[in-house]
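What follows is a single structure, written as structure tokens, with notes after it.
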Amino acid sequence: AQSVTQLDSHVSVSEGTPVLLRCNYSSSYSPSLFWYVQHPNKGLQLLLKYTSAATLVKGINGFEAEFKKSETSFHLTKPSAHMSDAAEYFCVVSLTGGGNKLTFGTGTQLKVEL
Amino acid sequence: EADIYQTPRYLVIGTGKKITLECSQTMGHDKMYWYQQDPGMELHLIHYSYGVNSTEKGDLSSESTVSRIRTEHFPLTLESARPSHTSQYLCASMGTSGGLNTGELFFGEGSRLTVL
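Protein sequence lines correspond, in order, to chains D and E. Counted from 1, the first sequence has number 63 at position 63 by our numbering; the numbering is strictly sequential. If you want our numbering, it's the 1-based position in the second sequence plus 114.
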């Protein structure tokens, strides 16, 4: 069994300040973990993924995430928020090897203010 | 940029009409998925396919049906639309590398359906 919990449904930051979107997971096996971003009226786009290689994963648009097995976390961070980062972010867990079962978090809406 | 396309992007129809949402991908992916997403809400898997002639129901019960006659095409059909079907429908396919599934999903831009 696997599950994913996004701890914040809404996060608001000022432009230029750091972003932290939290994600905790549970999985019976070694998981693959993903972060996707969804801009309004668009599909989801992959930001980054962890598949049992380096625990610190760098993605597009300056985002990165660190896999912490001891804390069962995969938090998404960015040093400096940009207005264009305002979107919905989804944390996703799947069994290693890209199994059919993908579990989505409920999403975190990121708002970036001037 | 992912090569997966959904049409129509927006559709407003009356109750009782039959509709088909189209989804096509040119990446040769075997696994494809349909998700339903209400505004500001999580995604719910309604259908998936392992490949040609394979279709399975997802976690969320849906009155829609799907077919997979060709690898690149995975249409979703509602025989008689109702207001409760109003939602956004997202199609996706799973990436492969060296013949193995990567777990990464490529999404279309979605079809927003409104049933009056």
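We put the beta carbon where it would ideally sit given N, CA and C, even for glycine. Keep in mind it's a predicted model, so treat the numbers as computed, not measured.
Could you tell me the alpha carbon to alpha carbon distance between residue i and residue j, rounded to whole angstroms?
| i | j | result |
| --- | --- | --- |
| Arg184/E | Ala1/D | 32 Å |
| Ser27/D | Ser52/D | 14 Å |
| Glu116/D | Gly107/D | No answer is possible for residue 116/D: it lies beyond the span of chain D, which begins at 1 and ends at 114. |
| Cys23/D | Ser181/E | 35 Å |
| Ser32/D | Gly217/E | 8 Å |
| Trp35/D | Lys132/E | 35 Å |
| Thr228/E | Leu174/E | 19 Å |
| Ser12/D | Glu113/D | 7 Å |
| Ser70/D | Ala54/D | 15 Å |
| Ser167/E | His187/E | Residue identity check: residue 167/E is Asn in the sequence provided, not Ser. Taking the straight line joining both Cα atoms gives about 11 Å. |
| Gly66/E | Thr72/D | The structure shown does not extend to residue 66/E, since chain E is modelled only from 115 through 230, so no value can be given for it. |
| His39/D | Thr169/E | 29 Å |
| Ser94/D | Ser3/D | 9 Å |
| Lys78/D | Gly172/E | 34 Å |
| Gly98/D | Met146/E | Per-residue confidence for Gly98/D stands at a pLDDT of 45, beneath the threshold of 50, marking its modelled position as unreliable; the derived number appears in the next sentence. Cα-Cα distance, rounded: 13 Å. |
| Pro122/E | Glu136/E | 7 Å |
Residue i touches chain D at which residues, Cβ-Cβ below 8 Å?
| i | result |
| --- | --- |
| Leu204/E | Gly43, Leu44 |
| Glu218/E | Phe34, Leu46, Lys49, Gly98 |
| Glu223/E | Asn41, Lys42, Gly43 |
List, in order along the chain, the chain E residues whose C-beta lies closer than 9 Å to that of residue i?
| i | result |
| --- | --- |
| Lys58/D | Those do not exist, as Lys58/D stays about 16 Å from chain E at its closest Cβ, beyond 9 Å. |
| Phe104/D | Tyr149, Glu156, Leu157, His158, Leu159 |
For the beta strand (DSSP E) holding residue i, just list the boundary residues, first then last.
| i | result |
| --- | --- |
| Gly217/E | 214 to 221 |
| Leu33/D | 31 to 38 |
| Arg226/E | 225 to 229 |
| Met146/E | 146 to 151 |
| Met208/E | 201 to 211 |
| Leu76/D | 73 to 78 |
| Leu114/D | Note, Leu114/D: premise wrong, no beta strand (DSSP E); not H, not E. |
| Glu66/D | 64 to 68 |
List the residues of chain D whose Cβ lies closer than 9 Å to the Cβ of residue i, in chain order.
| i | result |
| --- | --- |
| Leu190/E | The premise fails here: Leu190/E is roughly 15 Å from chain D at the closest Cβ pair, so nothing lies under 9 Å. |
At 8 Å on the CB atoms, spell out the chain E contacts of residue i, in chain order.
| i | result |
| --- | --- |
| Gln109/D | Gly154 |
Cβ closer than 7 Å: which chain D residues qualify as neighbours of residue i?
| i | result |
| --- | --- |
| Gly128/E | By Cβ distance, chain D contributes nothing, its closest Cβ being about 23 Å from Gly128/E, past 7 Å. |
Worksheet item: At a Cβ cut of 9 Å, what residues of the segment 68 to 95 of chain D count as close to chain E, listed as they run along the chain?
Response: Contacts with chain E (Cβ-Cβ distance below 9 Å) from the segment 68 to 95 of chain D involve Glu88, Phe90, Val92, Ser94, Leu95, listed in chain order.
Discussion item. In chain order, what are the residue ranges of uninterrupted beta strand (DSSP E) at least 3 long that sit wholly in the segment 152 to 207 of chain E?
Written reply: Runs of the beta strand (DSSP E) inside the segment 152 to 207 of chain E: 157 to 163, 190 to 192.
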